[in-house]
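Sequential numbering of the sequence shown, starting at 1, is according to the UniProt record's numbering.
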Amino acid sequence: MSSMTVFRLIFLVVFLGWLVVWIMLPTKLYKITWTPKLNSKLNSTYFSGQGTNLLLLSFPMMFIAALGCIYLHAKKQQRSSYSKSVVTSNRLSFLRRPALVMAPLGTVTAMELAFVAMFIALLIWSLGNYLYVSFGHLHIHKQGEKVWQAKFRSVSLRLGYVGNICWAFLFFPVTRGSSILPLVGLTSESSIKYHIWLGHLSMILFAAHTVGFVIYWAMTNQMAAMLEWGKTWVSNVAGEIAAVLALAMWVTSSYRIRRKMFEVFFYTHQLYILYIVFYVLHVGAAYFCMVLPGIFLFVIDRYMRFLQSQRRARLDSARVLPCGSVELTFSKSPGLYYNPTSILFLNVPSISKLQWHPFTITSSCKMDQDKLSVAVKRLGNWSQKLCQEISSSVDRLEVSVEGPYGPNSSHFLRHELLVLVSGGSGITPFISIIREIMFESTKPNYQVPRVLLVCAFKNSADLAMLDLLLPINDTPANISQVQLQIEAYITREEEQPIADNQKLLQTIWFKPNQLDSPICAGLGQNNWLWLGAIIASSFIMFLLILGIVTRYYIYPIDHNTEEIYHFSYFVLWDMFLLCACIFLASSAVFLFRKKENTIEGKQIQNLEVPTPTPSPGSWFRNADRELESLPHRSLVQATKVHFCARPDLKRILFDCKASDVGVLACGPRKMRHEVAKICSSGMADNLYFESISFNW
1 MSSMTVFRLI
11 FLVVFLGWLV
21 VWIMLPTKLY
31 KITWTPKLNS
41 KLNSTYFSGQ
51 GTNLLLLSFP
61 MMFIAALGCI
71 YLHAKKQQRS
81 SYSKSVVTSN
91 RLSFLRRPAL
101 VMAPLGTVTA
111 MELAFVAMFI
121 ALLIWSLGNY
131 LYVSFGHLHI
141 HKQGEKVWQA
151 KFRSVSLRLG
161 YVGNICWAFL
171 FFPVTRGSSI
181 LPLVGLTSES
191 SIKYHIWLGH
201 LSMILFAAHT
211 VGFVIYWAMT
221 NQMAAMLEWG
231 KTWVSNVAGE
241 IAAVLALAMW
251 VTSSYRIRRK
261 MFEVFFYTHQ
271 LYILYIVFYV
281 LHVGAAYFCM
291 VLPGIFLFVI
301 DRYMRFLQSQ
311 RRARLDSARV
321 LPCGSVELTF
331 SKSPGLYYNP
341 TSILFLNVPS
351 ISKLQWHPFT
361 ITSSCKMDQD
371 KLSVAVKRLG
381 NWSQKLCQEI
391 SSSVDRLEVS
401 VEGPYGPNSS
411 HFLRHELLVL
421 VSGGSGITPF
431 ISIIREIMFE
441 STKPNYQVPR
451 VLLVCAFKNS
461 ADLAMLDLLL
471 PINDTPANIS
481 QVQLQIEAYI
491 TREEEQPIAD
501 NQKLLQTIWF
511 KPNQLDSPIC
521 AGLGQNNWLW
531 LGAIIASSFI
541 MFLLILGIVT
551 RYYIYPIDHN
561 TEEIYHFSYF
571 VLWDMFLLCA
581 CIFLASSAVF
591 LFRKKENTIE
601 GKQIQNLEVP
611 TPTPSPGSWF
621 RNADRELESL
631 PHRSLVQATK
641 VHFCARPDLK
651 RILFDCKASD
661 VGVLACGPRK
671 MRHEVAKICS
681 SGMADNLYFE
691 SISFNW
């Protein structure tokens, strides 16, 4: 048995044990038999009423997160061969096939559908057991209260309990640098939909919980309870504030608002900090421990991103395409590794000091070892302002970055044929894939997949996006060695525009600045090991200091005096110590690693702006033009342009005769859903679908 198998078995056993605790938590057996025994042994003077939940619900996931970092580091050092991946992939391929394609859920695979069904079953099981136990020991809270009113109150309360289960998972998908997601083959951008689903579900439960209590108070003439901030029990006021904040975030996070008014969604969603504070003040310290792992790991990730963003990235150049899109090229550390389809978050203080926007990385870290490029298309207000600044002849542009974030492996290389279907700016993830294949094709005796790129654009000027397939630097681009076929569709033009009206591609070079530094991993090349050290040390520090504070400060007040320690103060201590321990551990490791990260060449040559050069978009309009280089000629020869047409996706996909066809789709939701339905129709067993969607 290999060490990797041992790791996986440990993860499986610990995770299943954690789930068993959640399954048993609402049962009568747990409440009446297990709870007294556990509390007598675990709720010591060092942890008061938090000991049981800390051990059973907090520790397992923190253990998996810390140990998972070691596993991911070892896996990074011992990458398995692609041939082995093919066997595993084909064996479990049916689980990744689309089983449900519909808005607003999107594309749901068979595996996702199974897990959703099990999660819903867990919620129903929990609610049923909570009510069964509660109705068996019904408490009348006010003289004259009727039994049905007491049951109504019990249902409202237990809906809140079930909402806590959603919160236990809510923050894992948005923890970009977490070790939890890679352990199950997920990335933060691909799993953001789980955060959306959990957010909707928790909001429905918490809304029912809140409205139920308001109705109950109105029925029993206890409306004054809405203004209570109890000293010995939960604060109703804190819960109401949390509900209002959550409602504002929920309403502004709808798909239409995110797409049409991103700034409204973005700024409103920053209320999550206050939401967490008042939520925790409402539920108390014991229930906070139930959802602690997700929040703990999220705060670590958020603080590490903050530390990384304090450095200004060295922006070398910008390629302005005739269609208005821009490719930004940064200097990067040669040790920074990322895989195709990764994303990078950008912040430009001169436009907005608060807004961060994700962009697809178009470069390959194997082909461009000291450069990193992202593509930006003029779509929203922020990107339009960025393009305007770049075009205004600025000498330097201050940019901060977070990332890159992406998959842990180049899994697409296992296929015999790759069909890449894109619409508009959806082509950008595929640029990095094709560049990666271009590099791998230079290796002797290495089989790379054939590539069919099907791209749809509104105007012929957007054909210039294909120019990004060729790197800006002098890296050899052996595109002629790749079996590449490009089918480009122009949907809003009936014929080729006049060649004289073409715009030229322009490359803008920025002056170097000593304050800028190459993009590098915040924790260096061994980032997983250092992240594991941060997770383990900060959590152990949190437990130690919490135990000391509880035993030597809170316990004497609670038991040696007539005064009762305020219920909310327990939670404030928890939140303060959580943040303090994370900040201390993360800052110490980050500063320790900063010296290594700064050992980078800081000498940059001041390059002159070259004469603007034509883009491939102009070559397609004038096929007789003499092309200056073999890569350019190979790119044009591989491309066929269809005017006033849309791709017949069903015909294209069913005509693919290879035994293993990987189908990747990125672009408008309607297009992705159409491709998914074709692949899941059962009419072609050789199609393996994957959707690339960025819903940040």
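All C-beta atoms in this analysis are idealised placements derived from N, C-alpha and C, irrespective of residue type, glycine included. Computed from a prediction, not measured in an experiment: that's the story for all the values here.
**Message:** What residue range does the beta strand (DSSP E) around Leu452 cover?
**Reply:** Sequence index remark: in the sequence shown, residue 452 carries index 452 (1-based). First-last of the beta strand (DSSP E) with Leu452: 450-457.
Original post:
Are there 16 or more other CB atoms within 10 angstroms of the CB of Lys640, so buried, or fewer, so exposed?
Top reply: If you number the sequence shown from 1, residue 640 lands on position 640. Under this definition Lys640 is an exposed residue.
Q) At which residues does the alpha helix (DSSP H) containing Ser134 begin and terminate? A) The residue labelled residue 134 in the question sits at position 134 within the sequence shown. In the DSSP assignment, Ser134 falls within the alpha helix (DSSP H) that extends over 110-136.
Segments of 4+ residues assigned as alpha helix (DSSP H) that fall wholly inside the stretch 626-684
With a minimum length of 4 residues, the continuous alpha helix (DSSP H) runs that stay inside the stretch 626-684 are 630-637, 649-654, 669-679.
Item to complete: Decide yes or no for the touch test of the stretch 416-430 against the stretch 180-199: beta carbon pairs closer than 8 Å, at least 3 of them.
Response: Flag = no, the stretch 416-430 and the stretch 180-199 do not touch.
Can you round the beta-carbon distance between Glu331 and Arg314 to whole angstroms, since I take them to be within the 8 Å contact cut? Along the sequence shown, one-based indexing puts residue 331 at 331. Along the sequence shown, one-based indexing puts residue 314 at 314. According to the sequence provided, residue 331 is Ser. The question's Glu does not apply to it. For Ser331 against Arg314, the beta-carbon gap comes to about 4 Å, under 8 Å, which counts as contact.
message = Taking the straight line between their C-alpha atoms, what separation do you get for Glu112 and Met118?
response = Against the sequence shown, residue 112 aligns to sequence position 112. Against the sequence shown, residue 118 aligns to sequence position 118. One C-alpha to the other measures close to 10 Å.
Check: For Ile554 versus Tyr565, is the C-beta spacing smaller than 8 Å?
Finding: Numbered from 1 along the sequence shown, position 554 holds the residue referred to as residue 554. Numbered from 1 along the sequence shown, position 565 holds the residue referred to as residue 565. It is a contact, given that the beta carbons lie within the stated cut-off.
Less than 8 Å between the C-beta atoms of Val348 and Leu397, yes or no? Locating residue 348 in the sequence shown gives position 348, counting from the first residue. Locating residue 397 in the sequence shown gives position 397, counting from the first residue. Result yes, Cβ atoms of Val348 and Leu397 sit closer than 8 Å.
(message) What residue range does the alpha helix (DSSP H) around Tyr555 cover?
(response) Indexing the sequence shown from 1 puts residue 555 at position 555. Membership of Tyr555 in the alpha helix (DSSP H) is indicated by the continuous run 555-560.
Check your understanding: Where are the beta strand (DSSP E) runs, 3 residues long or more, that stay fully inside the stretch 250-329, in chain order?
Key -> Listed in chain order, they are 315-320.
Query - Length of the line joining the Cα atoms of Glu674 and Val162 - result: Here residue 674 corresponds to residue number 674 of the sequence shown, with the count starting at 1. Here residue 162 corresponds to residue number 162 of the sequence shown, with the count starting at 1. Looking at the two C-alpha atoms, the distance is approximately 36 Å.
message: Assuming contact is defined by CB atoms lying nearer than 8 Å, are Gly294 and Phe169 in contact in what I supplied?
response: By one-based count along the sequence shown, residue 294 stands at place 294. By one-based count along the sequence shown, residue 169 stands at place 169. Inclusion of Gly294 and Phe169 in the CB contact set at 8 Å is warranted, their separation being smaller than that value.
#### Entry: Terminal residues of the alpha helix (DSSP H) in which Gly230 lies
Counted from its first residue, the sequence shown places residue 230 at position 230. Careful: Gly230 lies outside any alpha helix (DSSP H) and carries neither H nor E.
Exercise. Kindly indicate which residue of Val283, Asn408, Ala150, Ser352 has the alpha-carbon position closest to the one of Trp233.
Key: On the sequence shown, residue 233 is found 233 positions in, with the first residue counted as 1. Ranking Val283, Asn408, Ala150, Ser352 by Cα distance to Trp233 puts Val283 first.
Counting only the same chain and skipping the five closest in sequence on each side, list residues whose C-beta sits under 6 Å from that of Ser309. Position 309 of the sequence shown, counted from the start, is the residue given in the question as residue 309. Cβ within range, chain order: Ser400, Glu402.
Cβ separation of Phe288 and Val280, assumed to be a contact under 8 Å, to the nearest whole Å:
Counting from one through the sequence shown, the residue named residue 288 turns up at place 288. Counting from one through the sequence shown, the residue named residue 280 turns up at place 280. Contact holds; Cβ gap of about 5 Å.
Counted within 10 angstroms of its Cβ, other Cβ atoms place Phe592 as buried (16 or more) or exposed | Indexing the sequence shown from 1 puts residue 592 at position 592. Per the 10 Å Cβ criterion, exposed.
Any contact between the stretch 205-217 and the stretch 136-155? By contact I mean 3 or more CB pairs, one from each, below 8 Å. Segments in contact, yes.
| message | Helix, strand or coil for His411? Go by DSSP, reduced to three states. | response | Reading the sequence shown from its first residue, position 411 is the one you call residue 411. His411 falls in the helix class under three-state DSSP.
Within the same chain, show all residues whose beta-carbon is closer than 6 Å to that of Lys142, passing over the 5 residues directly before and after it, in chain order.
-> As a position in the sequence shown, residue 142 is number 142, starting the count at 1. Thr220, listed in sequence order.
If we require 3 or more residues per run, which beta strand (DSSP E) segments fall completely within the stretch 326-406? Segments of the beta strand (DSSP E) lying fully in the stretch 326-406: 326-331, 343-347, 357-360, 371-376, 400-405.
Look up Thr107 in the DSSP assignment and say whether it is helix, strand or coil. Counted from its first residue, the sequence shown places residue 107 at position 107. Annotated three-state conformation of Thr107 is strand, per DSSP.
Where Gly682 falls, given that 16 or more other Cβ within 10 Å makes a residue buried = In the sequence shown, the residue the question calls residue 682 occupies position 682. Exposed.
Run of the beta strand (DSSP E) containing Val101, from where it starts to where it stops:
Numbered from its first residue, the sequence shown carries residue 101 at position 101. In the DSSP assignment, Val101 falls within the unbroken beta strand (DSSP E) covering 98-102.
Presumed contact (8 Å Cβ cut-off) between Arg435 and Leu386, rounded CB distance:
Along the sequence shown, one-based indexing puts residue 435 at 435. Along the sequence shown, one-based indexing puts residue 386 at 386. The beta-carbon separation of Arg435 and Leu386, rounded to 23 Å, does not stay under the 8 Å limit for a contact.
* Asked: Between which two residues does the beta strand (DSSP E) harbouring Gln506 extend?
  -> Counting from one through the sequence shown, the residue named residue 506 turns up at place 506. Note, Gln506: beta strand (DSSP E), 506-509.
Review point. If you drop the 5 nearest sequence neighbours on each side, which residues of the same chain put their C-beta closer than 6 Å to that of Ile437?
Key: Counting from 1 along the sequence shown, the entry for residue 437 is found at position 437. So the qualifying residues of the chain are Val448, Val482.
Exercise. Please classify Phe689: does DSSP put it in a helix, a strand, or coil?
Key: Looking up residue 689 in the sequence shown gives position 689. DSSP places Phe689 in strand when its eight states are reduced to three.
Between the stretch 29-42 and the stretch 50-63, do three or more beta carbon pairs fall short of 8 Å?
Enough Cβ pairs lie closer than 8 Å, so yes.
Short check: CB of Ile180 to CB of Ala65, under 8 Å? Within the sequence shown, the letter at position 180 stands for residue 180. Within the sequence shown, the letter at position 65 stands for residue 65. Yes; because the gap between Cβ atoms is below 8 Å, this pair is in contact.
Q.
Just to confirm, is the Cβ distance from Gly335 to Cys520 under 8 Å?
A. Mapped onto the sequence shown, residue 335 falls at position 335. Mapped onto the sequence shown, residue 520 falls at position 520. Yes, the Cβ-Cβ distance between Gly335 and Cys520 is below 8 Å.
7 Å Cβ shell around Leu123 - same chain, five flanking residues per side excluded: Working through the sequence shown from its first residue, we reach residue 123 at position 123. Once the five neighbours on either side are set aside, the close Cβ partners of Leu123 are Val162, Ile165.
Quick check on the DSSP output: what are the complete beta strand (DSSP E) runs of length 3 or more inside the stretch 535-594, in order along the chain? Listed in chain order, the beta strand (DSSP E) runs fully inside the stretch 535-594 amount to none, counting runs of at least 3 residues.
Note to self: My output table needs one value for Tyr489: the three-state DSSP class, helix, strand or coil.
What the structure shows: Start at 1 with the first residue of the sequence shown, and residue 489 comes out as number 489. Strand at Tyr489.
- Message: So the candidates are Ser178, Met541, Val376, Ile557; which of them puts its Cα closest to the Cα of Asn527?
- Response: If you number the sequence shown from 1, residue 527 lands on position 527. Nearest option by C-alpha distance: Ser178.
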